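>
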Amino acid sequence: MYIYDEFDQRLIDERVAQFRGQVERYLAGELTEAQFLPLRLQNGLYVQRLAPMLRVAIPYGTLNARQLRKLAEVSRRYDKGYGHISTRQNMQFNWPQLEEVPDILAELASVQLHAIQTSGNCIRNTTADEFSGVAKDEVEDARPYCEIIRQWSTFHPEFAFLPRKFKIAVCGSEADRAVIHAHDIGIEVVRNDAGETGFKILVGGGLGRTPIIGEVVCEFLPRKHLLTYLEAIVRVYNQLGRRDNKFRARIKILVRAMGIEAFRERVEAEWAFLKDGPSTLTEEAIEHAKSFFQPPAYETLDEAAEAAALNATMESSPAFARWVRHNTAEHKQPGYRIVVLSLKQTGFAPGDITAEQMEAVADLAERYGFGELRTTHHQNMVLPDVRQRDLHAVWGVLSDLGLATPNIGHLTDIICCPGGDYCSLANAKSIPVAEAIQRRFDDFDYLYDLGPIDLNISGCMNACGHHHVGNIGILGVDKKGAEFYQVSLGGNPGKDGSLGQILGPSFSQADVPEVISKILETYVEHRNEEETFLDTFRRIGLDPFKERVYAAAH
Amino acid sequence: MPQLIKHGQVIEDSWQVIRTIEEGEGLPDGKVIVPLSYWQAHREALLARGNVAVWLASDEQPSAIADDLPHLPLVAIDFPVMTDGRGFSSGRALREHYNYKGEVRAIGQFIRDQLYHLSRCGFDAYALETSDPHKALASLNDFSDAYQASVTQPVPFFRRRAG
Ligand code: SF4
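Those protein sequences? They're chains A and B, same order as listed. According to my numbering, the first sequence is numbered sequentially starting from 1. According to my numbering, the second sequence is numbered sequentially starting from 1.
#1: Could one say the Cβ of B:R92 lies closer than 7 Å to chain D's Cβ atoms, at least one of them?
#2: Roughly how far, in whole angstroms, is the beta-carbon of A:R177 from the beta-carbon of A:D129, given that I think they are within contact range, below 8 Å?
#3: With a threshold of 6 Å, establish whether the CB of A:A426 neighbours any heavy atom of the ligand SF4.
#4: Out of A:C416, A:Y422, A:N407 and A:N327, which has the shortest C-alpha to C-alpha gap to A:L391?
#5: What is the DSSP secondary structure of A:V95, reduced to helix, strand or coil?
#6: When the Cα atoms are used, what is the spatial distance from A:I453 to A:R88?
#7: What does the alpha-carbon distance come out to for the pair A:T536 and A:E215?
#8: Excluding five sequence neighbours on each side, which residues of the same chain lie with their C-beta closer than 7 Å to the C-beta of A:L68?
#9: Which term fits A:N245, buried or exposed, when burial requires 16 or more other beta carbons within 10 angstroms of its beta carbon?
#10: Counting only C-beta atoms, is B:V34 closer than 7 Å to chain A at any point?
#11: If you reduce the DSSP assignment to three classes, tell me which class A:P52 lands in.
#12: Using a Cβ-based criterion (distance less than 6 Å to any ligand heavy atom), does A:C417 qualify as near the ligand SF4?
#13: Are at least three pairs of beta-carbons, each pair with one atom in the segment 337-350 of chain A and one in the segment 383-401 of chain A, less than 8 Å apart?
#14: Under 7 Å between the Cβ atoms of B:P35 and B:S58?
#15: Determine the chain B residues that contact A:T118 at a beta-carbon separation under 7 Å, and present them in chain order.
#16: Pairing CB atoms from the segment 80-89 of chain B with CB atoms from the segment 104-116 of chain B, are three or more of them under 8 Å?
#17: Is the CB of B:A53 under 7 Å away from at least one CB in chain A?
#18: Start and end of the alpha helix (DSSP H) containing A:E306?
#19: In the segment 235-253 of chain A, which residues sit with their C-beta less than 8 Å from some C-beta in chain B, listed in chain order?
#20: Can you check the segment 356-433 of chain A for any beta strand (DSSP E) of at least 3 residues that lies completely inside it and give the ranges in chain order?
#21: Compare the Cα-Cα distances from B:L128 to each of B:R120, B:D113, B:F158 and B:N141 and report the closest residue.
#22: For A:E303, I'd like the list of residues in its chain whose CB is within less than 8 Å of its CB, leaving aside the five on either flank, ordered along the chain.
#23: Give me the Cα-Cα distance between A:D449 and A:S75, rounded to the nearest whole angstrom.
#24: Helix, strand or coil for A:C218, going by three-state DSSP, please let me know.
#25: Smallest Cα separation from A:A482: which of A:G490, A:S506 and A:F545?
#26: Does DSSP put A:A297 in a helix, a strand or coil?
#27: With a Cβ-Cβ cutoff of 7 Å, do A:G351 and A:Q379 count as a contact?
#28: Report the three-state DSSP secondary structure of B:H165 (helix, strand or coil).
#29: Is the closest heavy atom of the ligand SF4 to the C-beta of A:N456 under 6 Å?
#30: For the candidate residues B:F88, B:Y147, B:H7 and B:P154, whose alpha-carbon lies nearest to that of B:Y161?
#31: Would you say A:P157 faces chain B, with C-beta separation under 7 Å as the test?
#32: A:G610: beta carbon under 6 Å from a heavy atom of the ligand SF4?
#33: Do three or more CB pairs link the segment 256-274 of chain A to the segment 174-191 of chain A at distances below 8 Å?
#34: Restricting to runs no shorter than 3 residues, where is the beta strand (DSSP E) found entirely within the segment 24-78 of chain A?
#35: Which one of A:D103, A:S458, A:I457 and A:L542 has the shortest CA to CA distance from A:L489?
#36: Can you give me the Cβ contacts of B:F143 inside the same chain, cut-off strictly under 8 Å, excluding the 5 residues immediately before and after it?
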């Protein structure tokens with residue numbers, strides 16, 4: 001992974017000093033609330049329902065064991081001993097004290113972590129496919145480009161006060177595990193016919209109040225132009241994006257208003273000034289970035305022999321077999337697998353991880369890997385490089401930790417925002433809804449029979465829980481002061497992305513599990529063999545589900 | 001005379017910003033910074049008068065005065081609120097698209113914590129609303145360097161990183 005040099009370190013140390021000064025001035029009354037607001041947001045600090053919330057950046061979801069231990073330490077010392085993985089791969093602490101935040105940032109800086117631009121109307125932490133570098137279906141590792149974008153976007157002087165927040169996601173594989181079409185800019189690493197690497201650039205996607213699937217602004221951008229092209233897009237947005245209405249201020253609204261053609265023309269005109277200028281990437285710069293993401297010292301293993309041994313162990317332990325099938329993924333290196341840690345154990349808020357768990361996971365990463373870890377937009381974690389022969393031992397430890405619930409990719413692997421329990425913007429709670437669903441559907445054989453289903457829950461229109469792209473989406477709404485839930489079906493976070501369609505009138509919290517049950521029954525009745533929930537929905541449409549759910553009880 | 005931060009120092013400011021001016025109303029004596037609309041309506045007279053500069057509102061683009069730049073010793077850019085970041089792009093456009101060499105001044109509601117970014121976007125003068133501009137000077141040096149290309153450092157760090 002990327003390792004800071006003296007230069008990178010100096011910048012984040014200077015940032016800590018800057019923020020320390022700002023907090024002091026705020027506490028001394030020299031900065032008003034309104035002036036301090038954007039400054040603290042650019043350091044990831046929100047004021048929430050119960051206390052401030054600090055969002056620590058995990059750049060493109062990659063971190064090492066040492067960093068995770070530091071996060072554990074911070075959570076214990078300054079918080080309540082746990083953290084929360086957000087849908088943008090960051091880690092949030094819900095209980096820090098404002099006065100202590102500069103110290104927390106200094107602690108984080110000591111292990112090359114920070115909270116820079118995790119909030120505010122600026123370019124946010126870039127997210128990526130959590131399997132980057134190890135996925136079997138990879139075209140090219142997205143991380144070197146993410147790092148190049150991280151550096152370019154960090155303290156970008158022109159783009160610190162955009163009309164609204166700005167999110168970039170990158171994927172480099174066939175399956176899109178980064179939801180790129182739902183980002184302000186989505187980047188797919190591609191190869192052209194000549195075998196050259198470049199990028200397909202999508203723009204104007206986003207969820208929230210006005211969900212829109214991104215459109216292609218550039219089919220193939222040669223890789224050296226990455227930064228100048230991004231700069232042109234963000235500059236056009238900075239100049240022309242609406243600032244009169246917060247709900248109309250995202251780039252998606254601008255792109256829609258201008259039309260993609262006119263938007264592209266404007267970007268190209270701006271790009272003409274920048275193209276081939278000093279910000280054009282050099283081969284050396286790309287190679288430098290790539291040098292941090294070289295494959296670790298894998299052992300040469302015989303896939304067939306390893307697989308045979310693994311199968312034998314799986315046969316003797318059905319519980320282990322279940323976990324291997326559902327919570328691990330193919331690795332590009334023979335004899336290895338990718339292990340997904342489920343932070344979706346019933347009874348715990350989705351995405352929450354305790355300090356003890358963090359420390360144990362850090363140990364696992366060192367013992368059964370190369371000390372590296374990932375966070376996922378699905379609010380889970382990943383051990384990217386586990387030898388197949390170590391899987392049984394890893395499973396044992398994870399089971400004891402409560403991180404081996406074999407539900408990855410299934411109904412109860414719920415994406416869920418913090419909702420009304422923590423977030424001051426919420427219309428409704430989301431964590432208890434997730435829990436009620438997990439309790440109701442606790443039969444794994446039934447879950448596996450249902451096949452892959454994404455169920456996503458957001459506590460309000462801001463859609464942090466990505467409900468629009470859940471196969472089943474649940475949105476908290478306010479109905480005359482009471483918490484209600486609107487259900488949508490057919491969203492898809494993958495490459496042929498689609499937005500869910502609203503089923504109908506909303507439900508009370510108590511009714512949600514029963515509604516989900518009826519939706520699932522409808523799917524099971526209508527599905528053809530091997531057909532996923534999404535495919536069935538796409539074939540039969542909304543009506544059969546609607547009829548079943550809203551049928552008068554008799 | 002009000003104070004101004006220019007080229008990293010606090011100096012006396014001899015320019016006066018004319019925020020609004022009614023048609024038929026005269027300009028005060030001395031150096032004035034007039035609104036774009038007023039400049040466009042009275043260009044010849046103002047050129048004859050001399051001692052005149054233009055300020056751009058945050059929704060006005062430097063392209064509107066591209067041809068006039070050789071006659072303008074100063075262009076001011078207004079920040080109606082500190083969170084309106086359009087002016088940062090305007091500063092860069094003046095310097096980088098139009099190669100403007102005169103003074104680029106920030107006016108309005110920006111705060112000292114933005115000085116470093118403003119300077120990198122081509123601003124060299126700041127009419128900062130503060131009781132203590134000397135204290136604010138420190139913010140010009142919040143950071144010792146940066147990753148991106150900017151007006152003050154046109155070579156991005158990746159080209160300077162000893163490899
Ligand atoms: S979706 Fe709404 S309730 Fe949930 S975290 Fe985001 S802003 Fe808060």
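Backbone N, C-alpha and C define an ideal beta-carbon position, used for all residues, glycine too. Quick caveat, the model's predicted, so the values are computed rather than measured.
The relevant details are as follows:
#1: Within the model displayed, chain D is absent; protein chains A and B are what it includes.
#2: Rounded, the Cβ-Cβ distance is 4 Å, consistent with contact.
#3: Result yes, Cβ under 6 Å from the ligand SF4.
#4: A:N327
#5: What sits at residue 95 of chain A in the sequence shown is Trp, not Val. The DSSP-derived three-state label of A:W95 is coil.
#6: 20 Å
#7: 26 Å
#8: M358, V361, A362 and L373
#9: exposed
#10: no
#11: strand
#12: In this structure, A:C417 has its beta carbon less than 6 Å from a heavy atom of the ligand SF4.
#13: yes
#14: no
#15: Within 7 Å Cβ-Cβ: nothing; A:T118 doesn't reach chain B, min ~17 Å.
#16: yes
#17: no
#18: Judged by DSSP secondary structure, A:E306 falls within the alpha helix (DSSP H) whose first and last residues are E303 to S316.
#19: Within the segment 235-253 of chain A, the qualifying residues are R235, N238, Q239 and R243.
#20: 372-375 and 381-387
#21: B:D113
#22: P334 and G335
#23: When rounded, the distance between both Cα atoms is 38 Å.
#24: strand
#25: Answer by Cα proximity: A:S506.
#26: coil
#27: Judged by their CB atoms, A:G351 and A:Q379 are nearer to each other than the 7 Å cut-off.
#28: Residue 165 of chain B lies beyond the residue range present for chain B, which begins at 1 and ends at 163; the question has no answer from this structure.
#29: no
#30: In the sequence as presented, Tyr is not what sits at residue 161 of chain B; that position holds Arg. Closest by alpha carbon: B:Y147.
#31: yes
#32: Lying outside 1 to 554, the shown extent of chain A, residue 610 of chain A is not represented and no answer is given.
#33: Between the segment 256-274 of chain A and the segment 174-191 of chain A there are fewer than three C-beta pairs closer than 8 Å, too few to call the two in contact.
#34: Segments of the beta strand (DSSP E) lying fully in the segment 24-78 of chain A: 45-47, 52-56 and 62-64.
#35: A:L542
#36: Y116
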